[in-house]
Amino acid sequence: MTIAYAGAPGAFAHEAALMFAPGQVAIPFVDFAAVAEAVASGAAELGVLPMRNSRAGEVPGIAALLADDRLAVIDERVMPVRVHLLALPGVALDEVTVIASHPVALAQCAEHLAALGVPTEEASNTAVAAAALDRRDRAVLASEAAATAYGLAVLKRDMHDDPDNATRFALFRKAGA
Numbered sequence: 002m003t004i005a006y007a008g009a010p011g012a013f014a015h016e017a018a019l020m021f022a023p024g025q026v027a028i029p030f031v032d033f034a035a036v037a038e039a040v041a042s043g044a045a046e047l048g049v050l051p052m053r054n055s056r057a058g059e060v061p062g063i064a065a066l067l068a069d070d071r072l073a074v075i076d077e078r079v080m081p082v083r084v085h086l087l088a089l090p091g092v093a094l095d096e097v098t099v100i101a102s103h104p105v106a107l108a109q110c111a112e113h114l115a116a117l118g119v120p121t122e123e124a125s126n127t128a129v130a131a132a133a134l135d136r137r138d139r140a141v142l143a144s145e146a147a148a149t150a151y152g153l154a155v156l157k158r159d160m161h162d163d164p165d166n167a168t169r170f171a172l173f174r175k176a177g178a
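Here the working numbering is used: the first residue of the sequence shown is 2, the next is one more, and so on.
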């Protein structure tokens, strides 16, 4: 069985895909719309999308994607989300001049980011940002799985402002399947 998710290995959606379908083949797609289309077209049997974060609220655009009559939501689960500040090995926090991540992850960490006083920039996905990290003056907000997948160091753990930070994910398939 195949399950589509947005991003890259180490994305929170990748972790959710493995939570819903342990041992199945998780396939990364470039964005949320591509995940929905992969399932609607039959390129993947299942898909997983983040619907709502306990701190940042609704994930923009997801409700519209899941309203597609070609798709059927078959399960929803809440997954704890721990967001960490990652950098290249050996980088110190005072070297970081920009922090990148998905807008929802940035919102989950707004208070911690404000305290650091480092400018942020949006990325398409937390794990995609981690995979692309190649400069000592940059850091990303992502999962520990992303740190492991891309050889990054955890500069600061638990950057999320809510200690009970969690995201509700939807599992869906092609309607009528």
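Note that CB positions come from ideal geometry on N, CA and C, so glycine has one too. Given the structure is predicted, the values throughout are model-derived calculations rather than measurements.
Buried versus exposed, by CB contacts within 10 Å (16 or more), residue i
i, result
"residue 42", "exposed"
Short Cβ contact (8 Å threshold) for residue i with residue j
i, j, result
"residue 106", "residue 16", "no"
"residue 80", "residue 2", "no"
"residue 143", "residue 131", "yes"
"residue 119", "residue 92", "no"
Alpha-carbon to alpha-carbon, residue j and residue i
i, j, result
"residue 54", "residue 103", "13 Å"
"residue 128", "residue 177", "32 Å"
"residue 1", "residue 26", "Since the first and last residues shown for the chain are 2 and 178, residue 1 lies out of range."
"residue 114", "residue 165", "18 Å"
Per-residue DSSP class, three states only, for residue i
i, result
"residue 196", "No answer is possible for residue 196: it lies beyond the span of the chain, which begins at 2 and ends at 178."
"residue 85", "strand"
"residue 79", "strand"
"residue 121", "strand"
"residue 172", "strand"
"residue 46", "coil"
"residue 29", "strand"
Member of the options whose CA lies at the smallest distance from the CA of residue i
i, options, result
"residue 108", "6, 161, 10 and 52", "161"
"residue 56", "178, 176 and 169", "169"
"residue 13", "66, 112 and 82", "82"
"residue 46", "58, 10, 6 and 32", "6"
"residue 66", "9, 32, 76 and 89", "32"
"residue 196", "140, 163 and 159", "Outside the displayed span of the chain (2 to 178) sits residue 196, for which this structure offers no information."
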